[in-house]
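Residues 0 to 263, numbered by numbering that gives the first Met the number 0, are exactly what the sequence shown covers, in order. In this text, a Cβ means the ideal position worked out from N, Cα and C, and glycines have one as well. What follows is a short report on a single structure.
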Amino acid sequence: MSDTLHLRTVQVTRYITPLREGGSLPALAEADDDFKYVLKFKGAGHGSKALIAELLGGEIARALGLQVPEIVFANLDEAFGRTEADEEIQDLLQGSQGLNLALHFLTGAITFDPVVTDVDPLLASQIVWLDAFITNVDRTFRNTNMLIWHKELWLIDHGASFYFHHSWNNWENHAKSPFALIKDHVLLPKATELEQVDKAFKEILTEEKIREIVNTIPDEWLLWDDNRDVPEDLKEVYIQFLLIRKNNSEIFIKEAQNARQTLI
0 MSDTLHLRTV QVTRYITPLR EGGSLPALAE ADDDFKYVLK FKGAGHGSKA
50 LIAELLGGEI ARALGLQVPE IVFANLDEAF GRTEADEEIQ DLLQGSQGLN
100 LALHFLTGAI TFDPVVTDVD PLLASQIVWL DAFITNVDRT FRNTNMLIWH
150 KELWLIDHGA SFYFHHSWNN WENHAKSPFA LIKDHVLLPK ATELEQVDKA
200 FKEILTEEKI REIVNTIPDE WLLWDDNRDV PEDLKEVYIQ FLLIRKNNSE
250 IFIKEAQNAR QTLI
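Structure (structure tokens):
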């Protein structure tokens, strides 16, 4: 088995429209395979760190059997965006040359509404476990970051995960954090099977699987201005963060269970 997950790379051919509901100005775009994608730019607010979180969060979710749109690397060449009239968007495109990230656009999908759609306790527990594991702050009633497509629940937008990497201090402590923000999770009231899910998911997320996912991060996304570490060392930090977090999962499970008790 290879120690790297192989994602497809597409060439972006057409910028269709900005998707302004996100703070980082993602866009609907078309690529050379004639598919439409939600394109996330490394030149946006949190730079390549948001793309790393999106990649790791999405591929961990997929490994756990949850529905996530296909994630691809999306290449922007130098000439792309020169004809864009909007200066803010033109700057974003010029600052995002090279490899970006894109998710397959689910045509006709509707935003998940917890009032309308009932989620069974097992699936709710799986999603709550995932988000506590990857420290995803962004799956709340205000912004569910889930879609209903072909009558199935799909997870999107994991760019707010792994927030330890914005400061990069005390990452070992972050790995053992209870993740108190799980109290705001939209599916927490339904998550009654966290211990069962914990056992199953820890068996799936072997060290080999975690390394395979983390090694997918392109080196060029790890060349941060404020950082002198080489990409391989940074990948190892992500790997160790996930391994420590998995091995101490009872900390975030207990936090989620306690938070749920206060809700019901």
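Item, Value
"Own chain partners of Glu194 with C-beta closer than 6 Å, once the 5 adjacent residues on each side are dropped", "none"
"Nearest candidate by alpha-carbon position, reference His184, set Glu202, Ala258, Lys253", "Ala258"
"Terminal residues of the beta strand (DSSP E) in which Leu70 lies", "Position check: residue 70 holds Ile in this sequence, whereas Leu was assumed. Run containing Ile70: 70-75, per the beta strand (DSSP E) assignment."
"Residues near Leu241 by beta carbon distance below 6 Å, same chain, minus five either side", "Ile209"
"Rounded separation between Gly64 and Asp117 - CA only", "19 Å"
"Helix, strand or coil at Leu65 [DSSP, three-state]", "coil"
"Among Leu180, Arg141, Asn169, nearest to Gln256 - alpha-carbon criterion", "Leu180"
"Own chain, CB closer than 8 Å to Leu105, minus 5 neighbours either side, in chain order", "Pro68, Leu146, Trp148, Trp153"
"Between the CA atoms of Ala62 and Leu204 - distance to the nearest angstrom", "8 Å"
"Same chain only: Cβ atoms within 8 Å of Pro177, ignoring 5 sequence neighbours per side", "Ile250, Phe251, Lys253, Glu254"
"Same chain, Cβ closer than 6 Å to Phe163, neighbours up to 5 away in sequence not counted", "Trp170, His173"
"Proximal residues to Gly97 (C-beta, below 8 Å), its chain only, five neighbours per side dropped", "Lys41, Asn74, Leu75, Glu219"
"When Trp167, Lys245, Ala190, Lys175 are compared against Leu264, the one with the closest alpha-carbon", "Outside the displayed range of the chain (0 to 263) lies residue 264, so it cannot be described from this structure."
"Span separating the alpha-carbon of Pro230 from that of Glu53", "18 Å"
"Beta-carbon contacts of Leu38 that lie in its chain and below 7 Å, excluding the five residues immediately before and after", "Val11, Pro25, Ala26, Ala28, Ala73, Asn99, Ala101"
"Ile263 (DSSP reduced to helix, strand or coil)", "coil"
"CA-to-CA distance, Asn142 to Leu262, given in whole angstroms", "19 Å"
"Coarse secondary structure for Arg96, derived from DSSP in three states", "First, the residue type needs correcting, since residue 96 is Gln and not Arg in the sequence shown. DSSP places Gln96 in coil when its eight states are reduced to three."
"Residue burial classification, Glu206 (beta-carbon count within 10 angstroms, cutoff 16)", "exposed"
"C-beta atoms of Ser248 and Thr191 nearer than 9 Å", "no"
"Inter-residue spacing [alpha-carbon to alpha-carbon] between Pro113 and Lys48", "30 Å"
"Gly158 classed as buried or exposed, judged by whether at least 16 other C-beta atoms fall within 10 angstroms", "buried"
"Lys264 versus Ala60: straight-line alpha-carbon distance, rounded", "With the chain covering 0 to 263 only, the question about residue 264 has no answer from this structure."
"Same chain only: Cβ atoms within 6 Å of Arg7, ignoring 5 sequence neighbours per side", "Val71"
"Exposure label - Thr134; buried when at least 16 CB within 10 Å", "buried"
"Other residues of its chain near Gly56: CB distance less than 7 Å, five sequence neighbours each side excluded", "Ile133, Asn135, His157, Ser160"
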